[in-house]
Amino acid sequence: MTEQENSQQNNSKKHMFPSLPENINYIENKLCHSDDIKKLDVPFQNGKGTIIYIESLADPNLIHQLALEPLLTRSDLSLDKAFSTLNMKKETNLNYGIQLLLQGKSLYFHEQVDSFCIFETALSLKRDITEPDNEGIVRGPHTGFVEDLATNLASIRKLIKSRNLVVKYFTIGEEMHTKVAIAYLQNIANDDLVTEVKRRLETIKTDALMPPGYIQEFIEDTSFSPFPQQLNTERPDRVAANLMEGRVAILSDGDPTVLIVPVTLFAFYQSPDDYNNRWIVGSFIRMIRLVSFLIAFLLPAFYIATVAFHPDVLPLELVYTIKASLEKVPLPPIFEALLMELIFELLREAGIRLPSRVGQTIGIVGGLVIGDAIVKAGLVSYTMIIVVALTAISSFLVPSNDMSSAVRILRFPLMLLAAIFGYIGISFGLIITFVHLCQLHSFHTPYLSPVAPMRIKDMKDSFVRLPIWSFWERPHDPKPKKMQRQHVTREDEDGDKHAK
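When you line the sequence shown up against UniProt numbering, it's residues 1 to 500, in that order.
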């Protein structure tokens with residue numbers, strides 16, 4: 001469905017009035033006589049005409065080049081021939097014309113013509129293409145998406161030069177009319193998946209669609225789960241790689257973030273660096289990330305349970321060390337942990353909200369000063385400082401900010417269970433989390449795939465990343481039409497050829 005078809009469906013048709021003033025007055029009334037609506041009276045041949053546009057959205061240079069100059073210099077020709085070499089369209093629906101004005105286009109009305117001319121005069125407000133700050137890599141393309149939908153689609157098409165790459169437009173929002181696009185490969189993406197993505201987008205009925213969080217919450221499977229069910233990325237190469245696996249990308253105008261569906265838990269711990277480096281290095285880095293997930297999730301709870309209930313599991317020398325650090329601390333371990341976690345979250349939030357240089361200073365100096373002062377005051381132990389610092393560092397290793405936030409939130413209830421029930425509470429919390437993950441789906445795809453359900457072939461790119469030549473099949477979780485993606489022949493040491 002095209003953007004024009006969506007816009008015309010969202011607005012009832014209003015045919016033009018017989019007179020020029022009536023058409024202009026209708027548009028001004030619908031736009032509440034806003035002061036930035038500008039009109040230029042430009043007669044053509046023997047009739048009156050008016051160019052109307054919104055000053056804050058239209059480029060005056062383009063208006064002069066595309067509209068004014070032909071009208072003033074080609075008055076000896078008919079209206080159609082005057083613009084024959086330019087990008088000009090005609091329309092009769094005034095309500096649709098109003099939507100075009102809100103997109104930065106200019107309209108020309110003539111008293112002797114029963115349609116109005118449309119000129120592409122939107123003011124370009126694009127920033128330069130740069131690498132995303134939150135998805136930096138060591139090796140590979142250092143480009144990212146911007147806030148312009150057309151530019152983002154061009155970045156994807158530059159990587160995937162395939163005739164099977166399909167883009168479909170939607171207009172969502174009764175007032176804002178946000179332009180949304182989905183991209184997929186026709187010969188790879190599952191038809192049921194594409195249909196489901198379209199259905200969920202078409203069922204969004206709201207006045208405003210503020211990207212990027214609104215779309216994510218409107219279309220996710222389970223709204224009350226702390227785990228993200230769509231992958232957010234600002235990297236064109238990452239989007240292209242997912243499209244080649246049969247997934248669907250959702251883009252929104254005004255937002256540099258692209259949503260990828262469906263996804264699994266392991267997708268949030270993958271990075272382009274895993275594939276840009278040799279497979280041994282990529283596998284090692286990925287395993288470190290997965291271990292960091294366990295540390296960020298379990299370490300504070302494990303420390304609380306061990307100190308409060310199970311000190312006997314530690315070596316005797318370590319017990320004496322921890323006991324010595326806790327002698328002058330009046331607070332129980334759970335309050336120590338909650339206090340330090342709260343301070344860390346405050347410093348983290350302050351570092352984000354403040355300007356970059358000031359934020360880095362706050363994070364480093366604030367952490368050192370407050371950490372040292374709070375230990376000297378006897379409120380927490382040195383051991384707790386180490387635990388919280390290691391937990392914070394581990395949470396930063398997650399490539400996805402959404403998954404990092406989920407882990408940070410979930411460790412608080414696990415800490416409470418550990419403070420009340422010890423290791424039994426931790427075990428109970430882990431069971432509940434695992435059951436929830438088993439029940440969770442992303443566009444009808446199991447969240448724990450390929451672990452639950454088990455698919456040995458897809459394990460090549462889960463906990464570790466095996467050599468690229470071994471990925472002769474696509475992952476099964478998006479149910480692609482075309483499973484085989486490569487056929488590589490390798491020679492062994494004896495010169496024999498083996499098809500992989």
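Positions of the beta carbon are idealized from the N, C-alpha and C atoms, including for glycine.
Helix, strand or coil for residue i per DSSP?
i: MET403; result: helix
i: ALA377; result: coil
i: HIS33; result: coil
i: HIS441; result: strand
i: LYS88; result: First, the residue type needs correcting, since residue 88 is Met and not Lys in the sequence shown. Three-state result, MET88: strand.
i: ASP461; result: strand
i: SER12; result: coil
i: ALA208; result: coil
i: GLU446; result: First, the residue type needs correcting, since residue 446 is Pro and not Glu in the sequence shown. Three-state DSSP puts PRO446 in a strand.
i: HIS177; result: coil
i: residue 507; result: The structure shown does not extend to residue 507, since the chain is modelled only from 1 through 500, so no value can be given for it.
i: ASN93; result: strand
i: ALA189; result: coil
i: PHE309; result: coil
i: GLN65; result: helix
i: GLN99; result: helix
i: ALA452; result: coil
i: GLU135; result: coil
i: GLU196; result: helix
i: ASN242; result: helix
i: ILE160; result: coil
i: GLU327; result: coil
For residue i, list the residues DSSP reports as bridge partners.
i: ILE182; result: LYS168, ILE250
i: PHE83; result: PHE83 pairs with nothing; no bridge assigned.
i: VAL258; result: THR233
i: LYS39; result: ILE52
i: TYR303; result: Beta-bridge pairing links TYR303 to no other residue.
i: ILE118; result: LYS89, LEU107
i: GLN216; result: Paired residues: none, contrary to the question.
i: GLY47; result: PHE44
i: GLN484; result: GLU473
i: ALA58; result: ALA122
When you compare each of the options to residue i by their alpha carbons, which one comes out closest?
i: PHE227; options: LYS481, MET403, ALA249, VAL375; result: MET403
i: SER325; options: VAL42, ARG485, PRO315, GLY378; result: GLY378
i: LEU390; options: PRO478, GLY140, TYR303; result: TYR303
i: ASN23; options: PRO70, ILE54, HIS110, ASP76; result: HIS110
i: GLY49; options: ILE204, VAL375, GLN216, LEU68; result: LEU68
i: MET210; options: VAL197, THR178, ALA189, ASN187; result: THR178
i: HIS142; options: PRO272, GLY366, TRP279; result: PRO272
i: VAL166; options: SER75, LEU251, ASP372; result: LEU251
i: ASP80; options: ILE188, TYR108, GLY246; result: TYR108
i: ARG162; options: PRO315, ASP221, ALA183, SER19; result: Contrary to the premise, residue 162 reads as Ser rather than Arg in this sequence. That would be ALA183, whose Cα lies nearest to the Cα of SER162.
i: LEU101; options: LEU331, ILE27, PRO60, GLN45; result: ILE27
i: GLU345; options: ILE393, VAL451, ASN164, ALA418; result: ILE393
i: THR445; options: ILE280, ASP221, LYS457; result: ASP221
i: VAL180; options: GLU147, LEU159, GLU120, LEU331; result: GLU147
i: VAL307; options: LEU331, PRO450, LEU71, LEU430; result: LEU331
i: LYS105; options: THR73, THR206, CYS117; result: CYS117
i: ARG278; options: GLN103, ILE468, ARG411, GLU336; result: ILE468
i: VAL138; options: PHE412, GLU349, LEU448, ASP274; result: ASP274
i: PRO18; options: SER427, GLN112, PRO453, ARG286; result: GLN112
i: THR195; options: PRO315, SER124, HIS476, VAL248; result: VAL248
i: SER427; options: GLY351, GLU341, ALA305; result: ALA305
Here's a check: name, in chain order, each residue in its chain whose Cβ is nearer than 8 Å to the Cβ of residue i, leaving out the five neighbours to either side.
i: GLY144; result: ILE129, THR130, GLU131, PRO132, GLU135, GLU234, ARG235, PRO236, PRO256
i: GLU5; result: For GLU5, the pLDDT reaches just 47, beneath the cut-off of 50, and the residue's location in the model is therefore unreliable, although a value from the coordinates is still provided. Taken in chain order, the list of residues that qualify is empty.
i: PRO399; result: GLU135, PHE268, TYR269, GLN270, SER271, ARG289
i: ASN401; result: ASN134, ASN232
i: SER223; result: GLU217
i: VAL407; result: PHE293, ALA296, PHE297, SER395, VAL398
With a threshold of 6 Å on Cβ separation, who are the neighbours of residue i within its own chain once the five nearest residues in sequence on each side are excluded?
i: ARG289; result: TYR269, LEU397
i: SER381; result: SER325, LEU326, VAL329
i: GLN8; result: The pLDDT assigned to GLN8 is 44, lower than 50, so where the model puts this residue is not dependable; a value taken from the coordinates is nonetheless given after this. Hits under 6 Å: TYR96.
i: ASN93; result: LYS13
i: LEU414; result: ALA301, GLY429
i: ILE374; result: VAL380
i: LEU31; result: ILE37
Whose C-beta lies closer than 7 Å to the C-beta of residue i among residues of the same chain, with five residues either side of it excluded?
i: THR2; result: The pLDDT assigned to THR2 is 45, lower than 50, so where the model puts this residue is not dependable; a value taken from the coordinates is nonetheless given after this. Closer than 7 Å at the Cβ level, and outside the excluded window around THR2, lie TYR169.
i: ASN95; result: ASN11, SER12, LYS13, LYS14
i: ILE343; result: ILE370
i: ILE160; result: ALA240, LEU243
The stretch 460-467 touching the stretch 153-171, judged by at least three CB pairs closer than 8 Å: With fewer than three CB-CB distances shorter than 8 Å, the stretch 460-467 does not count as touching the stretch 153-171.
Stretch pair the stretch 218-232 + the stretch 243-262: three plus CB contacts closer than 8 Å: Enough Cβ pairs lie closer than 8 Å, so yes.
Segment contact, 8 Å Cβ cut-off, at least three pairs: the stretch 292-303 with the stretch 471-488: In this structure the stretch 292-303 does not lie against the stretch 471-488, because fewer than three pairs of beta carbons, one per stretch, are closer than 8 Å.
At least three beta-carbon pairs within less than 8 Å, the stretch 237-245 to the stretch 181-198: A contact exists between the stretch 237-245 and the stretch 181-198.
Sufficient close CB pairs (3 or more, under 8 Å) joining the stretch 415-426 to the stretch 334-342: With contact defined as three or more Cβ pairs closer than 8 Å, the stretch 415-426 and the stretch 334-342 are in contact.
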